[in-house]
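*Asks:* Sharing a structure with you now.
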Ligand code: UD1
Ligand code: UDP
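Residue numbers (this note's numbering): 1233 to 1616.
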């Protein structure tokens, strides 16, 4: 009798590679245990992100096996992109017949995977389930609501996520898993310290610069918001805080069209997207983070770096409640006020709060155990 269990992970965008890394490692560890079932881990990449610096670099640096299949879908309008993914994933699922599909986060790749698998009655585990911004104009909010409601195992990273799933009647599928990105951060932060050269190549001192990112559609597609954010970056650089800005290709493509007259201040270092180890190093040693990224808000918290989130709301409300993150929208006055607030703080210590909300950095192992228990019983007992 063949006792191999075939788990398929579906990824497509940068943050998903980072969430996949600890799961791939947990599968390898389990396969070394003779008492565990044999796991075959197949990785599909939709091709949503495709530049080396947005995709392959993460597989290389984080030791993730390169994808078995890359659908090469590329960029496009939401319907076109998601539609191409759906068709491609369906074909792969029919051919590969996995026992279960793992999906991550809230991108178009996530929702396409959820739709394809659910129509073929293939069980789905959703990593980072239960996140809500309550802003349905965000494509990610639609993706995560759909993904949660058609998945079979909901791996909820925080108490708030568990609560949201309970409110939507999904408790019986919910597992409290802790946050998988916390696994990635703790696994890599010391490695980054040893290997990353990024700070040697930039004229910024440890503890005195800001790390910034900007890529959200709500900011990049709105000329006024984009102008406010980029002018405020310059204003902060002008006040003497250097900013390192690894620029997402979406924003890089938008800038010359939307803000043709904008020029970076000499203290604002706009660089290409960086790999994970360089990013860890940049976040770890920054005085503060300015961002509209989901993942970066958490990483800043895990690494004790104060954060300013240039969005109207956050799914990671725990970071705000712990006093580590200030929500400013794209409002220049609010961003500047938050910047001045953080510059007045001599030292911050978020350490104790992290595990209260995000678990013990053992999320990948808990995720895998929940998947195997589900496949064993094909039914979950409520955990809350
Ligand atoms: C996507 C996700 C978002 C996530 C982000 C992570 C959706 C709806 N959005 O947004 O939730 O936070 O990834 O980074 O799934 N591009 C390149 N090279 C690449 C990838 C993209 O040049 O390798 C450019 C293209 O011009 C493309 C644009 O970036 O049109 C946007 O890419 P896309 O994947 O559609 O959305 P993201 O903004 O990356
Ligand atoms: N990141 C990276 N290099 C960069 C910018 C971001 O490695 O140049 C990492 C970041 O540390 C985090 C993840 O990418 O782990 C976040 O991805 P992104 O902001 O693209 O997406 P989001 O989290 O908002 O969905």
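Ideal Cβ placement from N, Cα and C applies to all residues, glycine included.
So, helix, strand or coil for residue 1617, using DSSP?
*Replies:* In this structure the chain extends from 1233 to 1616, so residue 1617 is not present and cannot be described.
*Asks:* Nearest to residue 1384 by alpha carbon, out of 1340, 1436, 1331?
*Replies:* The residue labelled residue 1384 in the question sits at position 152 within the chain shown. Per the Cα distances, 1331.
*Asks:* For a test of the three-state rule: what should DSSP assign to residue 1336, helix, strand or coil?
*Replies:* Counted from its first residue, the chain shown places residue 1336 at position 104. Residue state, collapsed to three classes: strand.
*Asks:* Classify residue 1403 as helix, strand or coil using the three-state DSSP reduction.
*Replies:* Counting from one through the chain shown, the residue named residue 1403 turns up at place 171. Residue state, collapsed to three classes: helix.
*Asks:* Heavy atom of the ligand GTP less than 7 Å from the Cβ of residue 1525, yes or no?
*Replies:* With respect to the ligand GTP, the structure shown offers nothing to examine, as its ligands consist of the ligand UD1 and the ligand UDP.
*Asks:* Between residue 1511 and the ligand UDP, is the CB less than 7 Å from at least one heavy atom?
*Replies:* Locating residue 1511 in the chain shown gives position 279, counting from the first residue. Result yes, Cβ under 7 Å from the ligand UDP.
*Asks:* What does the Cβ neighbour count give for residue 1616, buried or exposed, with the cut at 16 atoms within 10 Å?
*Replies:* In the chain shown, the residue the question calls residue 1616 occupies position 384. Residue confidence for residue 1616 is low, a pLDDT of 43 falling below 50, so the modelled location carries little weight and cannot support an answer.
*Asks:* For a test of the three-state rule: what should DSSP assign to residue 1246, helix, strand or coil?
*Replies:* Residue numbering aside, residue 1246 sits at position 14 when the chain shown is read from its first letter. Residue 1246: helix per DSSP, three-state reduction.
*Asks:* Count the other C-beta atoms from every protein chain shown that fall within 10 angstroms of the C-beta of residue 1508, then say buried if there are 16 or more, exposed otherwise.
*Replies:* As a working note, residue 1508 is residue 276 in the chain shown. With 16 or more Cβ atoms within 10 Å of its Cβ, residue 1508 is classed as buried.
*Asks:* Considering only C-alpha positions, which residue in the set 1463, 1474, 1471 is nearest to residue 1494?
*Replies:* For this step, residue 1494 is matched to residue 262 along the chain shown. Closest option to residue 1494, Cα to Cα, is 1463.
*Asks:* Tell me whether residue 1517 sits in a helix, a strand or coil according to DSSP, three-state version.
*Replies:* On the chain shown, position 285 is the one that residue 1517 refers to. If DSSP states are grouped into helix, strand and coil, residue 1517 belongs with coil.
*Asks:* If you draw a straight line from the C-alpha of residue 1604 to the C-alpha of residue 1270, how long is it?
*Replies:* Position 372 of the chain shown, counted from the first residue, corresponds to residue 1604. Position 38 of the chain shown, counted from the first residue, corresponds to residue 1270. Their backbone Cα atoms lie some 11 Å apart in a straight line.
*Asks:* Rank 1473, 1519, 1459 by C-alpha distance to the C-alpha of residue 1491 and give the top, closest one.
*Replies:* Walking along the chain shown from the start, residue 1491 turns up at place 259. Selected option, being the one with the closest Cα: 1459.
*Asks:* Express the C-alpha separation of residue 1413 and residue 1582 in angstroms, rounding to a whole number.
*Replies:* What you label residue 1582 is simply residue 350 of the chain shown in a count that begins at 1. What you label residue 1413 is simply residue 181 of the chain shown in a count that begins at 1. Cα-Cα distance, rounded: 17 Å.
*Asks:* For the ligand UD1, any of its heavy atoms closer than 7 Å to the Cβ of residue 1545?
*Replies:* The sequence position of residue 1545 within the chain shown is 313, counting from 1. Residue 1545 Cβ: outside cutoff for every heavy atom of the ligand UD1.
*Asks:* Thinking C-beta only, is residue 1503 closer than 8 Å to residue 1478?
*Replies:* Position 246 of the chain shown, counted from the start, is the residue given in the question as residue 1478. Position 271 of the chain shown, counted from the start, is the residue given in the question as residue 1503. Against a cut-off of 8 Å, the Cβ pair of residue 1503 and residue 1478 comes out as a contact.
*Asks:* For a test of your reading of the model: does the CB of residue 1506 fall under 7 Å from any non-hydrogen atom of the ligand UDP? Yes or no.
*Replies:* Locating residue 1506 in the chain shown gives position 274, counting from the first residue. Yes - the ligand UDP has a heavy atom lying nearer than 7 Å to the Cβ of residue 1506.
*Asks:* Along the chain, where does the alpha helix (DSSP H) that runs through residue 1552 open and close?
*Replies:* Walking along the chain shown from the start, residue 1552 turns up at place 320. That run of the alpha helix (DSSP H) goes 1549-1553.
*Asks:* Do residue 1375 and residue 1624 have their beta-carbon atoms positioned less than 8 Å apart in this structure?
*Replies:* Nothing about residue 1624 can be reported from this structure: the residues present for the chain run from 1233 to 1616 only.
*Asks:* Buried or exposed, going by whether 16 or more other CB atoms sit within 10 Å of the CB of residue 1369?
*Replies:* Stepping through the chain shown from its first residue, residue 1369 is reached at position 137. Its Cβ having fewer than 16 others within 10 Å, residue 1369 is exposed.
*Asks:* Check each candidate in 1349, 1571, 1246 and name the one with the smallest Cα separation from residue 1284.
*Replies:* Walking along the chain shown from the start, residue 1284 turns up at place 52. Nearest C-alpha to residue 1284: 1246.
*Asks:* May I ask which residues mark the beginning and end of the alpha helix (DSSP H) holding residue 1604?
*Replies:* Against the chain shown, residue 1604 aligns to sequence position 372. Taken as a continuous stretch (DSSP letters only), the alpha helix (DSSP H) holding residue 1604 covers 1595-1609.
*Asks:* Note down, in chain order, each residue of its chain lying with its Cβ closer than 6 Å to the Cβ of residue 1304, except the 5 sequence neighbours on either side.
*Replies:* Locating residue 1304 in the chain shown gives position 72, counting from the first residue. Around residue 1304: 1279.
*Asks:* Reducing DSSP to helix, strand and coil, say where residue 1300 ends up.
*Replies:* Here the question's residue 1300 lines up with position 68 in the chain shown. Here residue 1300 sits in coil by DSSP.
*Asks:* On the CB-based measure, 16 or more other CB atoms within 10 Å of its CB, does residue 1225 come out buried or exposed?
*Replies:* Absent from the model: residue 1225. The displayed extent of the chain is 1233 to 1616, so no value can be given.
*Asks:* Given a cut-off of 8 Å, decide if residue 1291 and residue 1298 are closer than it, judged by their beta-carbon atoms.
*Replies:* Residue 1298 sits at position 66 when you count from the first residue of the chain shown. Residue 1291 sits at position 59 when you count from the first residue of the chain shown. Contact flag set, yes.
*Asks:* Near residue 1518, which residues of its chain fall below 7 Å by C-beta distance, leaving aside the five closest residues on each side in sequence?
*Replies:* Counting from one through the chain shown, the residue named residue 1518 turns up at place 286. 1441, 1442, 1443, 1537, listed in sequence order.
*Asks:* Can you tell me the Cβ-Cβ gap for residue 1258 and residue 1597, rounded? I've got them flagged as a contact below 8 Å.
*Replies:* Taking the first residue of the chain shown as 1, we reach residue 1258 at position 26. Taking the first residue of the chain shown as 1, we reach residue 1597 at position 365. Right, the Cβ-Cβ distance comes to about 5 Å (below 8 Å), so this counts as a contact.
*Asks:* Hey, how far is the Cα of residue 1577 from the Cα of residue 1520?
*Replies:* The residue you call residue 1577 lines up with position 345 of the chain shown. The residue you call residue 1520 lines up with position 288 of the chain shown. Approximately 11 Å between the Cα atoms of the pair.
*Asks:* Straight-line CA distance for residue 1515 to residue 1235?
*Replies:* In the chain shown, residue 1515 corresponds to position 283, counting from 1. In the chain shown, residue 1235 corresponds to position 3, counting from 1. Taking the straight line joining both Cα atoms gives about 43 Å.
*Asks:* Does DSSP put residue 1490 in a helix, a strand or coil?
*Replies:* By 1-based counting over the chain shown, the position of residue 1490 is 258. The answer is helix: DSSP assigns residue 1490 an H, G or I state.
*Asks:* State the CB to CB distance for the pair residue 1560 and residue 1541, rounded to an integer number of angstroms; the pair is presumed to be in contact (CB under 8 Å).
*Replies:* Counting from 1 along the chain shown, the entry for residue 1560 is found at position 328. Counting from 1 along the chain shown, the entry for residue 1541 is found at position 309. That belief holds up - the Cβ atoms of residue 1560 and residue 1541 are roughly 7 Å apart, short of 8 Å.
*Asks:* For residue 1487, which residues of its own chain have a beta-carbon under 6 Å away from its beta-carbon, when the five flanking residues on both sides are left out?
*Replies:* Against the chain shown, residue 1487 aligns to sequence position 255. Closer than 6 Å at the Cβ level, and outside the excluded window around residue 1487, lies no residue.
*Asks:* Would you say residue 1568 and residue 1467 are within 8 Å of each other, going by their C-beta atoms?
*Replies:* Residue 1568 sits at position 336 when you count from the first residue of the chain shown. Residue 1467 sits at position 235 when you count from the first residue of the chain shown. Yes.
*Asks:* So who's on the other strand from residue 1478, going by DSSP bridges?
*Replies:* Here the question's residue 1478 lines up with position 246 in the chain shown. Partner(s): 1503.
*Asks:* Looking at the unbroken alpha helix (DSSP H) that takes in residue 1529, where does it start and where does it end?
*Replies:* In the chain shown, residue 1529 corresponds to position 297, counting from 1. 1526-1534 is the extent of the alpha helix (DSSP H) around residue 1529.
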